[in-house]
Every structure is written in structure tokens, then in C-alpha cells.
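The structure appears below as C-alpha cells.
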Amino acid sequence: MKNSINKYLYRTGLAIAASYAIYIILTGLFEKPKYLLLVYNRTINYDVPIEGLEDPKHRINIVTNGMPEIEERVNISSAPLYVLIREKKHDIEFVTDKIDKLNDFLKYEIR
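Be aware that the sequence shown starts at 26, since it is given in my numbering, and climbs by one per residue.
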């Protein structure tokens, strides 16, 4: 009798662990990527919101302004410069200096 209860508990534990592993794998596959938008600006006021930015799928989590120290080293020729980065992999997805091109990329290219 004691042996059958142990087998039952062991199999129940394995089933729970397997279903949890399958749940984690499936949520990772269907998770939509999030993006970080860096805005390199030559203005001193960094708290100004970006005018004209459209994010219909709500994938951009954080919008930050570039740091002046980096701008001096990178030598940005046109301001503002928009850099869209994928959050998990830290890959640069898109770089532009026009907000319209960024909006088009957000609407049509990101699935």
C-alpha cells in the first residue's frame, strides 16, 4: 500500500514538473519582443516627449534620450537620431533621423 502511494506521488510530481516546463517553453515562443528607443538629441532638456511617435502595437517600453558624452564620441551629424534596440538580445533593429520612417517601421516591419 505504501509503495503504491509513493508511485502515485512521484508520477503526480513528474506530471506537474513536465506541464510547468511545457508552459514556460510555450510562453517563451509566443512572447512578443519588446523594444527600447534611444533618442540622441542635442538639446539640453531631456524630458521633452517625442512628438509624432506612433506605437500601435505598444512594443516600446522605454524611451530615453541619448547621453551627451556618447554623442560627442559618436559624432552625430543630424539630430535627433532614433535608435530602436531589441530589449532581450540588445540588437539594433533600426536607425533613422526621421520620425516618419520610424513610424513606418513600427507599423509594417515589426510583427
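Note that the Cβ used here is the ideal one computed from N, Cα and C, for glycine as well. If you're wondering where the values come from, they're calculated on a predicted model, not measured in any experiment.
With a threshold of 16 other beta carbon atoms within 10 Å, Y48 falls short and is exposed.
Scanning its chain for C-beta atoms nearer than 6 Å, with the 5 sequence neighbours on each side dropped, one finds around V120 the residues V108, in chain order. For R84, no beta strand (DSSP E) encloses it, and the DSSP letter there is neither H nor E. L34 counts as exposed, since fewer than 16 other C-beta atoms from the protein chains shown sit within 10 angstroms of its C-beta. Cβ neighbours of L62 within its own chain (closer than 6 Å, five residues either side excluded): I85, V88, L109. In its chain, beyond the 5 residues on either side, N128 have a beta carbon closer than 6 Å to the beta carbon of E79. Excluding its 5 nearest sequence neighbours in each direction, K82 has C-beta neighbours in its own chain below 7 Å: I135, listed in chain order. Checking the DSSP bridge columns, you'll see F119 partnered with L109. Secondary structure of L62 (DSSP, three-state): strand. Burial state of L131 is buried, judged by a 10 Å Cβ sphere holding 16 or more other Cβ atoms. The beta carbon of P58 sits closer than 6 Å to the beta carbons of R111 from its chain, once the five residues preceding and following it are set aside; these are given in chain order.
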